[in-house]
Amino acid sequence: MIGFGLRLAVAGGREALTRLVVIAAAVAVGSGLLLTTLAGVNAVNAQLTRAASVHPGASTGGDVDPLWWSTREDYFQGEQIVRIDVAATGPNAPTPVGIPTTPGPGEYYASPSLQRLLAAQPADQLGERYPGRDLGTVGPAALTSPDTLLVIMGGTPDEVARLPLARQVTNVGDTPALPETAVNLILGVIAGGLLFPVLIFIGTATRLSAARREQRFAAMRLVGATPRQISVVAAVEATAAAVVGTALGFVLFYALRGPMAGIPFTGMPFFPSDMSLSVLDILLVALGVPAGAAVAAQVSLRRVRISPLGVTRRVTPRAPRAYRLIPILLGVAVLFFAIGFRPATSDGQTAVFLPGLLLIMAGLVLAGPWLTMVGARVMARYASRPAALIAARRLADNPKAGFRAISGIMVALFVTSVAVGVITTIVANRGPAPVGSTEAGTVSMDFGEKAPPMPDTLLAELRSITGVRSATAIRQNPDMFHASEPGLIACTDIPSAYGRCADGAGVAEVAMGLVPFRDSASPTRVWQTASVPLDELQRLPVLSVVVGTDGSAAAVERSRTVLEATFPTFRVAPNVPGDFESEFANTLRGWEQLANVIIVASLALAGCSLAVSVIGGLTERRRPFSLLRLSGAPVRVLRRVIALESAVPMLAVAAVAIGMGLLAAHLFLRAQMDYTLIAPEPRFYVIVVVGLVTCLGVIASTLPLLERITGPETARSE
């Protein structure tokens, strides 16, 4: 029976061969995306493991000489630079990952991206922060990404021991990977949003000409074939297509692995070698996908197993009921409930938010047929042309079939709408300061409680930089815990761009950077009067140095360089508002880009699923359409019927999914962060519209088939 099944699959005529090719193509796309998802998870884990090597934990003991280690962050034009200072205490000290030898005093290694940046920028803006001899590049083993900016500086043990966060380590690179639960959760949700349309595509393809196949298998049953033999034939046919498709999926994955690695899905690109597959991953796809196709073939034959005559019993399915909306309403109610009751722990918050989102997601799929039926009935009520009426009646008779092909797009658009809505709002509230604003040009260096002595010439040196408008030292407030602000400054020293004192005051309480947290600089701000006398102010230690610039990159970076050269043992690098948030915002934008990729991919898959569904529907209904043509119905009317049957549910589903996604994002933001949803950028809507138009174009490409298969000869021969 296996040989007979193979011959039947490849020699069953043009229809059988077309079905085999379409199923193989669907499986190739699905398995390729599955391989890409598995490789993406492996790449994230590889990034996290290398990131852990930059932050090794303190360790001592054994015969190894300790290595002094201090990791700090620096910034340049919104990009984070990781600075590692090391010093070997003996000849047996471990060597940092990614470099051949530990650099000595006055030596350093830099990542390839940082070396290119150092060569392209003036020394007084960046290079003077890392004086010494360049020994070479840091290898990929220590870089989380090809774009990572990393420098490993050498020093004496005494110098590095005095640096912030300095520790002795005897093991470098053996630290376990950073916790990746949250990242894997995000990837899992995103993968689900992408793979669900893939599964729908594969399922739709396997149902191609389902009615004809059922009739063929029923005929085989009537001439004496047993149910087991029929099952073997069907499984062989499906498995053959799946094996070919899986092999093509591996080819697609390895052909596109390099370009895919360059997409900053997590805010930074991967190395191509990071997107690797384990033996288990390969076996899972190579064996699991064909096995799944065989199981799907068995399930599709359930009517033939009941009776070989069962395929002739065609009845209109029962209409979906409104109870399908209950999960959506419950999910929305859970998110509303979370606004007034938010658990204090992250685990408790996950236990509230995740079920709510999953309920809405499952509810959309469950309610899809009901929504399709309602939309079809509304279209039928207001239909003024035969094409709209026929399409509406067909959708209303079997809304499940009309919704099945586009159910994946509903899930994908919901997931990505939630992600894009949340990301856009968080970036708007916590991202870098707007370009050109006063705070964007404010460089501050905070010292905390351990302030070093400040040279008398520092402020004059800073003020001499082109583009610098002010340079101010802020003193520590002795009553820091009870005061409105932690810093003190003489009223005469407050730059006009940052506010003023109350009338008659001599000393004011100010923020460390002259800009309150999550606020903007304002010349009209009136700072609270301090109780410290003016003559005692100069005896207080320096809390921070604030440099006001015109916002130009040259002025900002030159000011940073002067401050770092003056205070080389800094714990927090000189920064402008938004530097700390920029890395976070860039990561979020990476996830947003991934969400946009999912939208494009899911819409493309939805278009393919619809195209396959249209072709299958045309094949199964070519006799009724032929009779309609013989009775005088123009071909253009039949084309409109097919187009409306496919386009109306897709557009309705897209609108509902995006609306529910943005509503869920708003409720989550209100409950979790007390933010109000900020509408996604226009490019999000452009991507959705272009994707939907592309889907419609794919559907339109199948319409010429209608005229070829619905001629008079079809009505006579069937």
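Each residue of the sequence shown is one higher than the one before, counting from 9 in my numbering. All residues carry an ideal CB built from backbone N, CA and C; glycine is no exception. Every value quoted in this text rests on a predicted model; they were computed, and no experiment measured them.
Taking residue i as the reference, give the member of the options with the closest Cα.
| i | options | result |
| --- | --- | --- |
| residue 488 | 538, 396, 37 and 28 | 538 |
| residue 170 | 673, 684, 391 and 575 | 575 |
| residue 37 | 252, 143 and 431 | 252 |
| residue 617 | 704, 102, 517 and 98 | 704 |
| residue 462 | 475, 480, 476 and 472 | 480 |
| residue 426 | 623, 49 and 686 | 686 |
| residue 59 | 148, 128 and 257 | 148 |
| residue 342 | 389, 671 and 667 | 671 |
| residue 547 | 649, 432 and 483 | 483 |
| residue 339 | 102, 585, 366 and 511 | 366 |
| residue 649 | 663, 626, 666 and 664 | 626 |
| residue 661 | 48, 435, 706 and 374 | 374 |
| residue 254 | 490, 57 and 299 | 299 |
| residue 503 | 512, 490 and 518 | 518 |
Please look up how many angstroms separate the CB atoms of residue i and residue j, rounded, as I've assumed it's under 8 angstroms.
| i | j | result |
| --- | --- | --- |
| residue 552 | residue 521 | 7 angstroms |
| residue 368 | residue 657 | About 19 angstroms; that fails the 8 angstroms criterion. |
| residue 268 | residue 152 | No, residue 268 and residue 152 are not in contact; Cβ-Cβ is about 17 angstroms, not under 8 angstroms. |
| residue 107 | residue 31 | At roughly 51 angstroms, the Cβ-Cβ gap does not stay under 8 angstroms, so residue 107 and residue 31 are not in contact. |
| residue 110 | residue 75 | 7 angstroms |
| residue 498 | residue 545 | 6 angstroms |
| residue 475 | residue 485 | Wrong, their Cβ atoms sit about 30 angstroms apart, outside the cutoff. |
| residue 43 | residue 258 | 7 angstroms |
| residue 73 | residue 54 | Wrong, their Cβ atoms sit about 29 angstroms apart, outside the cutoff. |
| residue 643 | residue 714 | 7 angstroms |
| residue 61 | residue 105 | 5 angstroms |
Return helix, strand or coil for residue i, following the three-state DSSP convention.
| i | result |
| --- | --- |
| residue 498 | strand |
| residue 314 | Low per-residue confidence applies at residue 314: pLDDT is 49, beneath 50, and the placement is therefore not dependable, though the value from the model is reported in the following sentence. Of the three classes helix, strand and coil, the one that applies to residue 314 here is helix, per DSSP. |
| residue 687 | coil |
| residue 437 | helix |
| residue 187 | Model confidence at residue 187 stands at a pLDDT of 42, short of 50, so the residue's coordinates are unreliable and nothing is read from them. |
| residue 90 | strand |
| residue 119 | coil |
| residue 508 | strand |
| residue 395 | helix |
| residue 577 | coil |
| residue 544 | helix |
| residue 537 | strand |
| residue 406 | coil |
| residue 245 | helix |
| residue 293 | helix |
| residue 583 | strand |
| residue 515 | strand |
| residue 711 | coil |
Between which two residues does the beta strand (DSSP E) holding residue i run?
| i | result |
| --- | --- |
| residue 83 | 75-84 |
| residue 453 | 450-454 |
| residue 556 | 550-557 |
| residue 161 | 157-162 |
| residue 284 | Taken as a continuous stretch (DSSP letters only), residue 284 belongs to no beta strand (DSSP E), as it is neither H nor E. |
| residue 144 | 141-145 |
| residue 129 | From DSSP, residue 129 is part of no beta strand (DSSP E); its letter is neither H nor E. |
| residue 483 | 476-484 |
| residue 175 | 175-177 |
| residue 493 | Counting along the chain, residue 493 falls outside any beta strand (DSSP E), and DSSP gives it neither H nor E. |
| residue 468 | Per DSSP, residue 468 belongs to no beta strand (DSSP E); it is in the alpha helix (DSSP H), 466-471. |
For residue i, which residues from the same chain have a beta carbon less than 7 angstroms from its beta carbon, with the 5 sequence-adjacent residues on both sides left out?
| i | result |
| --- | --- |
| residue 370 | 335 |
| residue 467 | 479 and 481 |
| residue 93 | 78, 161, 163, 168 and 171 |
| residue 266 | 280 |
Report all residues from its chain with a CB closer than 8 angstroms to the CB of residue i; omit the five preceding and five following residues, and keep chain order.
| i | result |
| --- | --- |
| residue 123 | 142 and 145 |
| residue 391 | 397 and 400 |
| residue 577 | 170, 171, 172 and 460 |
| residue 137 | 82, 568, 569, 572 and 573 |
| residue 381 | 327, 328, 403, 404 and 407 |
| residue 2 | Residue coverage of the chain in this structure runs from 9 to 726, which leaves residue 2 outside it and unanswerable. |
| residue 540 | 485, 486, 496, 515 and 548 |
Might you give, ordered along the chain, the residues of its own chain that have their beta carbon closer than 6 angstroms to the beta carbon of residue i, omitting 5 neighbours on each side?
| i | result |
| --- | --- |
| residue 346 | 360 and 679 |
| residue 140 | 114, 115 and 116 |
| residue 332 | 374, 375 and 378 |
May I ask which residues mark the beginning and end of the alpha helix (DSSP H) holding residue i?
| i | result |
| --- | --- |
| residue 568 | 561-574 |
| residue 168 | 165-169 |
| residue 660 | 643-680 |
| residue 342 | 334-348 |
Is it the case that the CB of residue i approaches a heavy atom of the ligand MN more closely than 6 angstroms?
| i | result |
| --- | --- |
| residue 448 | This structure simply doesn't include the ligand MN, nor any ligand for that matter. |
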